[in-house]
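In our numbering, the protein residues as written are 11 to 465. Just so it is clear, CB atoms sit at the ideal spot from N, CA and C, and this is done for glycine as well. Worksheet: the structure to be examined is printed underneath.
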């Protein structure tokens, strides 16, 4: 091989190497997280956020939408009230958190509750759709407790853990939305719900394989458990009274609650053959305040796309319905995820050590309660403006009201602290005086491999 051939091969080989390293970078990132946080913990995030929340959540949403519309033939405002009931198990997250923190089963704080989360939908889903969301909520509390604990222990990896959660949830949602039409077409509305039995079964498996140290120092008697519950409740009250905790919590609650949901009205309109298009069934170093401000601003702007669609301005611009709705959904999901991630990272930084599982669940409960009010508030507005199965004349006005409320939330951004993820938002020793005598940290976290080797 002469020198000219070598010069030609060199750049080509360099390009192949760069491309290969780019492809392998996500794999190396996952390997790094697994080495630092234990592979079974990463598997738990993929299963809970990817399969249970991402796939099941999106699949459940599409299938039940068509079930209420085509099988039960319920008005959109009524469906919004029904869907609000699905949030009840999520509103109860602090209760699930107290159970996982204060009532270990055979020395384990996390593993048995994954098994319970997997069995609950099997027992209840046949009679009540709330059972499915109940299982998701319990599994979410348990994995979030592990994430909150590891975020405290390994602060530098907190954004990476949330990125992994967001990626798994987004990928699962994409698969759920894209496959739901196929299953509805071939299995029917009710038959498609049977697919939702797969994630709970895998949750039971997760309960047996996820790594957790067992508390062997002493047996938890009833008195000890009661003391632990009292300590947890006092710790929650003490923590939530801190201005740096309740102010951002209030902002996150209002950002969800004030933005009323119009999903069912838009869904009924979009699938109506006469009124709508009749679709077939087929930043780590930036301050929290800045991140949430621009995320909320984008959230309000993206909501205007719904208004353009409802008023059919997209057709006036020569944009087909199918292309516009795909673009709008992609933008909305990306913006919603960008808005959600800094909220989650901020919430992990507001959790005091010792009750991180329960307190993180409380903060998530506040957000979910805001979403519940958003659903019911949207249902009430749809009803008041007479948006029904056949009358969509005022749907544009409901969406306009929703968008105005989204922008109005920006006036409350002062409630969010200016610090970033590297700053201490609450005193680390807030509950330390009592934690040594009441809580047992040994059985409440997923240790990293390095810690395990040292033990």
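With a contact defined as Cβ atoms closer than 8 angstroms, residue 411 and residue 176 miss out at about 29 angstroms.
If you draw a straight line from the Cα of residue 107 to the Cα of residue 211, it comes to about 22 angstroms. Here DSSP, grouped into helix, strand and coil, assigns residue 365 to coil.
Cα atoms of residue 255 and residue 84: separation of roughly 41 angstroms, rounded to the nearest angstrom. In the DSSP assignment, residue 222 falls outside any alpha helix (DSSP H), carrying neither H nor E.
9 angstroms or more divides the Cβ of residue 414 from the Cβ of residue 86. One Cα belongs to residue 344, the other to residue 436, and the distance between them is close to 30 angstroms. Under a 10 Å Cβ-count criterion, residue 150 is classified as buried, with 16 or more other Cβ atoms of the shown protein chains found around its own Cβ. Within the same chain, and ignoring the five residues on either side of residue 267 in sequence, the residues whose Cβ sits closer than 6 angstroms to its Cβ are 380, 383 and 384.
The secondary-structure analysis by DSSP pairs residue 118 across a beta bridge with 115. Within its own chain, the residues whose Cβ lies closer than 8 angstroms to the Cβ of residue 173, once the five positions on either side in sequence are excluded, are 351, listed in chain order. In this structure the region 145-161 touches the region 113-128; the number of beta carbon pairs closer than 8 angstroms is three or more. Residue 434 counts as exposed, since fewer than 16 other C-beta atoms from the protein chains shown sit within 10 angstroms of its C-beta. Apart from sequence neighbours up to five positions away, the residues of its chain that approach residue 157 with a beta-carbon distance below 6 angstroms are 171, ordered along the chain. When Cβ pairs closer than 8 angstroms are counted between the two stretches, the region 397-408 is seen to touch the region 314-324, the count reaching three or more.
The beta carbons of residue 420 and residue 245 sit no closer together than 9 angstroms. Contact between the region 88-103 and the region 187-206 is absent, with fewer than three C-beta pairs closer than 8 angstroms. In the structure shown, residue 101 falls within a helical segment according to DSSP collapsed to helix, strand and coil. Below 8 angstroms, too few C-beta pairs join the region 51-59 and the region 192-201 to call them touching: fewer than three. Per DSSP, reduced to three states, the secondary structure at residue 189 is helical. Between residue 258 and residue 425 the beta-carbon gap is near 6 angstroms, inside 8 angstroms, which marks them as a contact.
Inter-residue distance for residue 97 and residue 399 is about 24 angstroms (C-alpha atoms, whole angstroms). Distance check between residue 216 and each of 296, 313, 62 and 179 places 62 closest, using alpha-carbon atoms only.
Between residue 161 and residue 59 the beta-carbon gap is near 15 angstroms, outside 8 angstroms, which marks them as no contact.
With fewer than 16 other Cβ atoms inside 10 Å of its own Cβ, residue 323 counts as exposed. Burial is judged here by how many other beta carbons sit within 10 angstroms of a residue's own beta carbon; residue 241 has at least 16 and is buried.
Every alpha helix (DSSP H) stretch that sits fully inside the region 157-216 and reaches 4 residues is listed by chain position as 168-202. Between residue 365 and residue 111, the gap from beta carbon to beta carbon is short of 9 angstroms.
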